[in-house]
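This report refers to the structure that appears directly beneath it.
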Amino acid sequence: MGAMQRESRKVSRRRFLKEATGAVGAASALTILKPRWVRGAEKEFGVVVLLGPPGAGKSEQSRRLTARHSIPIISTGDLLRDQVRRGTQLGLQADTYMKAGQLVPDSLMNPILEDRLSQPDCARGFILDGYPRTLAQAESLDALLKRKGLPPHIILLEVPTERLFKLLTGRRICPRCNRSYNIYFQPPQKENLCDADGTTLVQRPDDKEEVIRRRLDTYQRETQPAIEYYARQGRLVRVNGDQPPEKVAGEIESKLASQ
Ligand code: AP5
695 MGAMQRESRK VSRRRFLKEA TGAVGAASAL TILKPRWVRG AEKEFGVVVL LGPPGAGKSE
755 QSRRLTARHS IPIISTGDLL RDQVRRGTQL GLQADTYMKA GQLVPDSLMN PILEDRLSQP
815 DCARGFILDG YPRTLAQAES LDALLKRKGL PPHIILLEVP TERLFKLLTG RRICPRCNRS
875 YNIYFQPPQK ENLCDADGTT LVQRPDDKEE VIRRRLDTYQ RETQPAIEYY ARQGRLVRVN
935 GDQPPEKVAG EIESKLASQ
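The sequence shown maps to residues 695 to 953 in our numbering.
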């Protein structure tokens, strides 16, 4: 990353903090709100937003970040799948969109997310996996984080499209503990059984090839404008997701530390 890029990201981060904290000066706000990897294990940790196409490894990297920094993962896909599993009214509505590879409307999505973010475990910060996915969601997230005084780090995992197909069609999930495997890249020790609890692994209904295509189209059409929004403001940190998971994790950590 060039010095100019780094400087421009610092400027936009400072602007975000200034707006977030109102009367507090930008410099002192930075001191109050700097995340833990910048200023040691104190108070607020900050928010990490993981962006990337379906299959780019957002869940995989969220798990690594949470293990390292002890802040919760808020996955909007998991929140929705939980509603579907519990057979709630909202889950029934969301399921139709998810099975079709479309985004769930904000009128269903945003209240669940806001409710989850209001829980006490999110006070120090959290990892957002799968949100925002539209320009409107990016703007509403900015407003929400400003109210909370939590500045976000925006990470984009970049992976070539051909590889995404293999990552998604090869994914298998344990329905009991939610652990994720990949028959090509991270197979379980015993074929199709979870290493942790021996449960038979399943494929997500939206990991079928024709749905994957629609999810990727939706990403291009709906999520790309949100990415451009962050890029225009100099807030986007690009990470090469096309490397082994531990290398991706290392790149994320070093880029977070240099912010
Ligand atoms: P969601 O669950 O968020 O799905 P997604 O964004 O499509 O992402 P995935 O979970 O498929 O992939 P991932 O990037 O987490 O990759 P993973 O780590 O698993 O959303 C599902 C649906 O819910 C959406 O289609 C939409 O309908 C709805 N929805 C969710 N959020 C919404 C929102 N904000 N607004 C509206 N609707 C919303 O990795 C993939 C595979 O690759 C795994 O098998 C993994 O083991 C493997 N792997 C990962 N990294 C690597 C690596 N570096 N090398 C080798 N293998 C790897």
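Glycine included, every Cβ here is placed at the ideal spot set by N, Cα and C.
Limits of the alpha helix (DSSP H) - the one that residue i falls within
i       : result
Pro-939 : 939 to 951
Val-905 : 903 to 912
Leu-835 : 829 to 842
Val-798 : Here Val-798 belongs to no alpha helix (DSSP H), and DSSP marks it neither H nor E.
Arg-929 : Taken as a continuous stretch (DSSP letters only), Arg-929 belongs to no alpha helix (DSSP H), as it is neither H nor E.
Tyr-791 : 783 to 793
Gly-824 : Premise fails: Gly-824 is in no alpha helix (DSSP H) and is neither H nor E.
Three-way DSSP call (helix, strand, coil) for residue i in this model
i       : result
Tyr-972 : Since the first residue of the chain shown is 695 and the last is 953, residue 972 is not available in this structure.
Ile-644 : In the structure displayed, the chain extends from 695 to 953; residue 644 sits before or after that span and is not available.
Thr-894 : strand
Val-742 : strand
Pro-805 : helix
Glu-852 : strand
Gln-880 : strand
Ile-726 : Because the pLDDT of Ile-726 is 32, which lies under 50, any placement of that residue in the model is unreliable, and the number read from its coordinates should be weighed accordingly. Ile-726: helix per DSSP, three-state reduction.
Arg-865 : strand
Asp-936 : coil
Contact under 9 Å by Cβ, residue i with residue j
i       : j       : result
Ile-821 : Leu-744 : yes
Pro-899 : Met-803 : no
Val-933 : Glu-852 : yes
Leu-807 : Tyr-825 : yes
Gln-755 : Pro-939 : yes
Arg-870 : Thr-893 : yes
Asp-800 : Thr-828 : yes
Gly-928 : Ala-750 : no
Residue i: CB within 8 Å of a non-hydrogen atom of the ligand HEM
i       : result
Glu-945 : With respect to the ligand HEM, the structure offers nothing, as its ligand set consists of the ligand AP5.
For residue j and residue i, believed in contact at Cβ under 8 Å, the rounded distance
i       : j       : result
Leu-844 : Val-742 : With a Cβ gap of about 10 Å, Leu-844 and Val-742 do not count as contacting.
Tyr-913 : Pro-748 : 6 Å
Ile-768 : Arg-810 : 6 Å
Exposure label - residue i; buried when at least 16 CB within 10 Å
i       : result
Gln-777 : buried
Lys-752 : buried
Ala-951 : exposed
Gln-918 : exposed
Limits of the unbroken beta strand (DSSP E) element including residue i
i       : result
Pro-814 : First-last for Pro-814: undefined, no H or E at that position.
Arg-870 : Note, Arg-870: premise wrong, no beta strand (DSSP E); not H, not E.
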